[in-house]
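Asks: First, the structure itself, so that you have it in front of you.
Protein chains: 2
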Amino acid sequence: MQTPKKIAIVGSGLVGSLLGIYLKKRGHTVHVYDRSPDIRKINFSGRSINLVLSNRGIKTLQDIGLEKEVLAIGIPVDRRAIHVGQDTVNEQLYGKNGEVIYSISRGLLNKKMVDLAEKAGVEFFFEEKVWDVDLTTATISIGETERGEWITKDYDLTFGADGAFSRIRHRMQRQSMFNYSQEFLNIGYKELHIPANADGTHKINKNSLHIWPRGNFMLMALANLDGSFTCTLFMPHDGENSFASLKTTEQLVAFFAKNFPDTKEVIPDLVEDFFKNPTSYLVTMKCFPWTFSDKVALIGDASHAIVPFYGHGMNSGFEDITVLEEMMEKYGDDWANLLNDYENSRKPNADAIAELSYRNFTEMSAKTADAKFLLQKKIEKWFSDKHPDKWMPLYSRVTFSLQPYSEALAIGDFQNKIMEEVMQMENIEEKWNSEEVENKIIDLLK
Amino acid sequence: MQTPKKIAIVGSGLVGSLLGIYLKKRGHTVHVYDRSPDIRKINFSGRSINLVLSNRGIKTLQDIGLEKEVLAIGIPVDRRAIHVGQDTVNEQLYGKNGEVIYSISRGLLNKKMVDLAEKAGVEFFFEEKVWDVDLTTATISIGETERGEWITKDYDLTFGADGAFSRIRHRMQRQSMFNYSQEFLNIGYKELHIPANADGTHKINKNSLHIWPRGNFMLMALANLDGSFTCTLFMPHDGENSFASLKTTEQLVAFFAKNFPDTKEVIPDLVEDFFKNPTSYLVTMKCFPWTFSDKVALIGDASHAIVPFYGHGMNSGFEDITVLEEMMEKYGDDWANLLNDYENSRKPNADAIAELSYRNFTEMSAKTADAKFLLQKKIEKWFSDKHPDKWMPLYSRVTFSLQPYSEALAIGDFQNKIMEEVMQMENIEEKWNSEEVENKIIDLLK
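Protein sequences, first through last, are from chains G and Y.
So the first sequence is numbered by my numbering: it starts at 1 and just counts up by one.
So the second sequence is numbered by my numbering: it starts at 1001 and just counts up by one.
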């Protein structure tokens, strides 16, 4: 049991809302602040990538009895559909036992989470801008503008769940011994849209994550409940094949006709979407420490913002809550040690998923179209099917297991070294499923 | 020639003052702002490491005719004196041709630079706190406190020379695509003091950089003009042999008696200095870009803050000015391209000196007491003496040449690989200066 505290959560996003439910369930008073209006009352679109919910995130929902409500608004996705040419689509199942991830629209899920949190007794304060926090007292400062008048609100504990550009972290960053990095990718992204058919059905297979890999750029599509798809174009900000190079309707239409010919039928509003929707940025943010005594703690994107290419932004944020919950169970009212153990145990895993996510852009945009890479994946799958006790592919480890990310990364690197040797075997293309290859892998695993 | 501009420099430190002189000489109006009082009117001591001025910094002074005035307040240092035990001091000359670096007190030099800048016509505004800059107009905002009232001042161009915790950079950091990192070392430092003898002479050799290397901590001493030495104790913040472990006079005295017995006579006020002077932090800060169109630019520590173990903080900052001067010569009034070329050409070298400085803590604190390492240095020196055209040691490259830091680092890494092989030769201790070793190095250099 924990003594009830008065807790502020800054940020009513996915992690903030779900954290609120967990804290409320333990008897705390929970106030969630957000600088934006109530997401349930606004039109949310135009600058998002669809979310992918997988086992780690599902576990956090399950532990508090919410997985059914959330999965009801998701669409199961069991494979990658790789659009390599005009009419050629290669499919790769994600798991061998029918494992799925869920495509969920960010707006829809966020509304649902706020609803669920409110039902659980969490109080929300929208359009309240938190600019600062006193690290020694957890008191937050709220005001219309950064330089205008502020009022203060006292709490026992304040969580910064306010995303990659967190104000709570901004305050922590001004201490000595606070390590911090933000690194932008030269890849930006833009939301596009595949509408539903007239009868509400999906225009392409809704149970696939669609990828059009084109080297240093790619298009992606994930299904929505209403029959539409949210598409995301990932591309360099400048240089050849970049957002900067597509300035006119003619350039855009020619670019799509050349690179994504099979999207012509399914993205009718390409030109309007492209020039209306903003080009967004991708950043990897790392920092440490995440907490200050028993007063302030960062969680989710505020403590570790990652690029979206592994589909683990939300899942890793939700897993933060699972770790925090374990610590609440273990430490009870000893919040200083609770938060200390939380940040120390979680940090290596946050770093690992950042690294995995960063690497996965190259895998998705370039390697999925590479014959050698596809053969490697085929060998891994074949060996894993024969020896499930000896080999779980990295993607499965990260997405379908609950193994700490840092272990998954380390084992993935070890497996990759083995596969590098295997791929160098003579005539590997012919003998890929031979006893020789099988024995070689078994040998290298020793 | 350049059309005269109205230029603000934020920060009246070494780089800000010298940059002011350069800009003034080109006919610009130059206003230097500093949040602190005029350094010439205050007592400056207690939290500094003595500066080391070497060839890169001297070149920047020389190009504008100031090297003589500055060198007059420096003390030439031609060797390391390594205090390995009670009475054992090993000496290593820095260069083979009498090359020297100069030990200069930071306070003294800063006063001198402000004097010289004022004489050149640079205007100084002390105790004026610049909190913000408008990146599109170069207008700066000044006020008593961060949250209080501000006034604005218009300029054509604003330089941030305001150090590792630059406010000008703080504004730039809030843009998209601004990469930034700050990483604190777990090593802190504290200033201690060796006073002059009664007759004004130095108690130990003033022409040596004194090091007491003790593994993960060390003491260092650099001479001052007045016969004293500024000592710096570098040590982990916590753990064994740390600042946290020295809480009482007894602990401190016992620690020095055990680890630095030969300092007992020369640091009479150890206890008072230690508990009075603050423990300071060491940070490596990297960022990019450094400039915003033709309006705002970072320079010195504001763009690349490094740890002090190579003695290149000031030298690299001064070299920034040399690069900027080259660009002013090349681009004239085309400030946008001028600043763009400045940041692009300078950034790899800033990264390289950051890396070299970081690595040098281990070299100074641990390796200088390691027999194997000393033998390696001896072989390098011997080979370099025989083949000056084939081998310049890394330290000389960095400190006595003007070769770009990034090239020095790359060649240093290459040389180190060669020396690793050489050190693994059988009986290298006996045959270190044999023809066999000489030929081996020549061979590996091919």
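Note that CB positions come from ideal geometry on N, CA and C, so glycine has one too.
In the structure shown, what three-state DSSP assignment does I1007/Y receive?
Replies: For the purposes of this step, residue 1007/Y is taken as residue 7 along the second sequence, with counting starting at 1. Here I1007/Y carries a strand assignment [DSSP, helix/strand/coil].
Asks: Distance check for A120/G and K24/G, CA to CA, integer angstroms please.
Replies: Position 24 of the first sequence, counting from 1, holds the residue named residue 24/G. Position 120 of the first sequence, counting from 1, holds the residue named residue 120/G. K24/G and A120/G: Cα-Cα distance of roughly 7 Å.
Asks: Could you spell out where the alpha helix (DSSP H) holding Y405/G opens and where it closes?
Replies: Mapped onto the first sequence, residue 405/G falls at position 405. Start and end: 405-423.
Asks: What does DSSP give as the partner residues of K1132/Y in its beta bridges?
Replies: Taking the first residue of the second sequence as position 1, residue 1132/Y is located at position 132. Just to set this straight, residue 1132/Y is Asp in the shown sequence, not Lys. Its beta-bridge partners are S1141/Y.
Asks: CB W432/G to CB K378/G, shorter than 8 Å?
Replies: Here residue 432/G is taken as the residue at index 432 of the first sequence, counted from 1. Here residue 378/G is taken as the residue at index 378 of the first sequence, counted from 1. A contact, by the Cβ cut-off of 8 Å.
Asks: Between E1183/Y and chain G, is the shortest Cβ-Cβ distance under 8 Å, so that the two count as touching?
Replies: As a working note, residue 1183/Y is residue 183 in the second sequence. Judged by the 8 Å Cβ criterion, E1183/Y is in contact with chain G.
Asks: Going along chain G, which residues have a C-beta under 7 Å from M1177/Y?
Replies: Your numbering for residue 1177/Y matches position 177 in the second sequence. Within chain G, the residues near M1177/Y are F184, Y281.
Asks: From the DSSP secondary-structure annotation, give me the bridge partner or partners of I101/G.
Replies: Looking up residue 101/G in the first sequence gives position 101. DSSP, once it has assigned bridges, lists V77/G as partnering I101/G.
Asks: List the residues of chain G that Y1180/Y touches, going by C-beta distances under 9 Å, in chain order.
Replies: Along the second sequence, one-based indexing puts residue 1180/Y at 180. Residues of chain G with a Cβ closer than 9 Å to the Cβ of Y1180/Y are, in chain order, Y180, S181, Q182, E183.
Asks: Using 8 Å for Cβ pairs, my map puts L51/G next to M314/G. What's the rounded Cβ distance?
Replies: What you label residue 51/G is simply residue 51 of the first sequence in a count that begins at 1. What you label residue 314/G is simply residue 314 of the first sequence in a count that begins at 1. Rounded, the Cβ-Cβ distance is 5 Å, consistent with contact.
Asks: In angstroms with no decimal places, state the Cα-to-Cα distance between N447/G and H1170/Y.
Replies: Since the first residue shown for chain G is 1 and the last is 446, residue 447/G is missing from the structure and cannot be characterised.
Asks: What are the uninterrupted segments assigned as beta strand (DSSP E) that are 3 or more residues long and contained completely in the stretch 200-247 of chain G, given in chain order?
Replies: 208-213, 218-223, 229-236
Asks: What is the DSSP secondary structure of K1153/Y, counted as helix, strand or coil?
Replies: Position 153 of the second sequence, counting from 1, holds the residue named residue 1153/Y. Of the three classes helix, strand and coil, the one that applies to K1153/Y here is strand, per DSSP.
Asks: Going by C-alpha to C-alpha distance, which of Q1092/Y, L1339/Y, I1194/Y, I1039/Y sits closest to S1208/Y?
Replies: Indexing the second sequence from 1 puts residue 1208/Y at position 208. Nearest neighbour of S1208/Y by Cα position, chosen from Q1092/Y, L1339/Y, I1194/Y, I1039/Y, turns out to be Q1092/Y.
Asks: Figure out for me which residue from V1133/Y, V1114/Y, D1063/Y has the closest Cα to the Cα of F1125/Y.
Replies: As a working mapping, residue 1125/Y is identified with position 125 in the second sequence. Closest by alpha carbon: V1114/Y.
Asks: If you run the structure through DSSP and keep just helix, strand and coil, what is G27/G?
Replies: For the purposes of this step, residue 27/G is taken as the residue at position 27 of the first sequence. Note: G27/G maps to coil in three-state DSSP.
Asks: Can the beta-carbon of F159/G be found less than 8 Å from the beta-carbon of L66/G?
Replies: Stepping through the first sequence from its first residue, residue 159/G is reached at position 159. Stepping through the first sequence from its first residue, residue 66/G is reached at position 66. Cβ distance not < 8 Å, so F159/G and L66/G don't count as in contact.
Asks: From F1274/Y to D1301/Y, what distance separates their C-alpha atoms?
Replies: Here residue 1274/Y refers to the residue found at position 274 when the second sequence is read from its first residue. Here residue 1301/Y refers to the residue found at position 301 when the second sequence is read from its first residue. About 27 Å.
Asks: Starting from N337/G, trace the alpha helix (DSSP H) both ways and give me its first and last residue.
Replies: Looking up residue 337/G in the first sequence gives position 337. Judged by DSSP secondary structure, N337/G falls within the alpha helix (DSSP H) whose first and last residues are 335-365.
Asks: Can you name the start and end residues of the beta strand (DSSP E) that N179/G belongs to?
Replies: Working through the first sequence from its first residue, we reach residue 179/G at position 179. Per DSSP, N179/G belongs to the beta strand (DSSP E) from 179-184.
Asks: Check whether the Cβ atoms of V296/G and A138/G lie closer than 8 Å to each other.
Replies: Here the question's residue 296/G lines up with position 296 in the first sequence. Here the question's residue 138/G lines up with position 138 in the first sequence. Cβ atoms of V296/G and A138/G: closer than 8 Å.
Asks: Going by C-alpha to C-alpha distance, which of E1118/Y, V1271/Y, P1004/Y, H1031/Y sits closest to H1193/Y?
Replies: Reading the second sequence from its first residue, position 193 is the one you call residue 1193/Y. When each option's Cα is compared against that of H1193/Y, the closest is V1271/Y.
Asks: What is the DSSP secondary structure of H304/G, counted as helix, strand or coil?
Replies: Here the question's residue 304/G lines up with position 304 in the first sequence. Strand, per DSSP.
Asks: Go through its chain and collect everything with a Cβ distance to E1426/Y's Cβ below 8 Å, but skip five positions before and after it.
Replies: Locating residue 1426/Y in the second sequence gives position 426, counting from the first residue. None.
Asks: For D320/G, count neighbouring C-beta atoms within 10 Å of its own C-beta (all shown protein chains included) and say buried if the count is 16 or more, exposed if not.
Replies: One-based indexing of the first sequence puts residue 320/G at position 320. Buried.
Asks: In whole angstroms, what is the alpha-carbon distance linking H210/G and M220/G?
Replies: Residue mapping note: residue 210/G aligns to position 210 of the first sequence, counting from 1. Residue mapping note: residue 220/G aligns to position 220 of the first sequence, counting from 1. Looking at the backbone, the Cα of H210/G and that of M220/G are separated by about 5 Å.
Asks: In this structure, how does DSSP classify N1259/Y when only helix, strand and coil are distinguished?
Replies: By one-based count along the second sequence, residue 1259/Y stands at place 259. Reduced to three states, the DSSP call for N1259/Y is helix.
Asks: From the DSSP secondary-structure annotation, give me the bridge partner or partners of E1123/Y.
Replies: The residue you call residue 1123/Y lines up with position 123 of the second sequence. E1123/Y pairs with H1031/Y.
Asks: Can you tell which of V89/G, N216/G, V130/G has its C-alpha closest to the C-alpha of N205/G?
Replies: Along the first sequence, one-based indexing puts residue 205/G at 205. With distances taken between Cα atoms, N205/G lies closest to V89/G.
Asks: Leaving aside the five residues before and after R1035/Y along the sequence, list all residues of the same chain whose C-beta is less than 6 Å from its C-beta, in chain order.
Replies: Here residue 1035/Y refers to the residue found at position 35 of the second sequence. If you ignore the 5 residues before and after R1035/Y, its C-beta comes within less than 6 Å of the C-beta of K1129, all in its own chain and listed in chain order.
Asks: Consult DSSP for H83/G and reduce its assignment to one of helix, strand or coil.
Replies: Here residue 83/G corresponds to residue number 83 of the first sequence, with the count starting at 1. Looking at H83/G - three-state DSSP - the assignment turns out to be strand.
Asks: L1061/Y to A1117/Y, Cα distance in whole Å?
Replies: Start at 1 with the first residue of the second sequence, and residue 1061/Y comes out as number 61. Start at 1 with the first residue of the second sequence, and residue 1117/Y comes out as number 117. Approximately 12 Å between the Cα atoms of the pair.
Asks: Just mark G1148/Y as buried or exposed, buried being the case when its beta carbon has 16 or more other beta carbons within 10 Å.
Replies: By 1-based counting over the second sequence, the position of residue 1148/Y is 148. By the beta-carbon neighbour count (other beta carbons within 10 angstroms, threshold 16), G1148/Y is exposed.
Asks: Near T1362/Y, which residues of its chain fall below 8 Å by C-beta distance, leaving aside the five closest residues on each side in sequence?
Replies: Residue mapping note: residue 1362/Y aligns to position 362 of the second sequence, counting from 1. There are no such residues.
Asks: Run the CB neighbour count on A1371/Y, radius 10 Å, all protein chains shown included, and call it buried at 16 or more, exposed below.
Replies: Residue 1371/Y sits at position 371 when you count from the first residue of the second sequence. Counting Cβ neighbours within 10 Å, A1371/Y comes out exposed, since fewer than 16 surround it.
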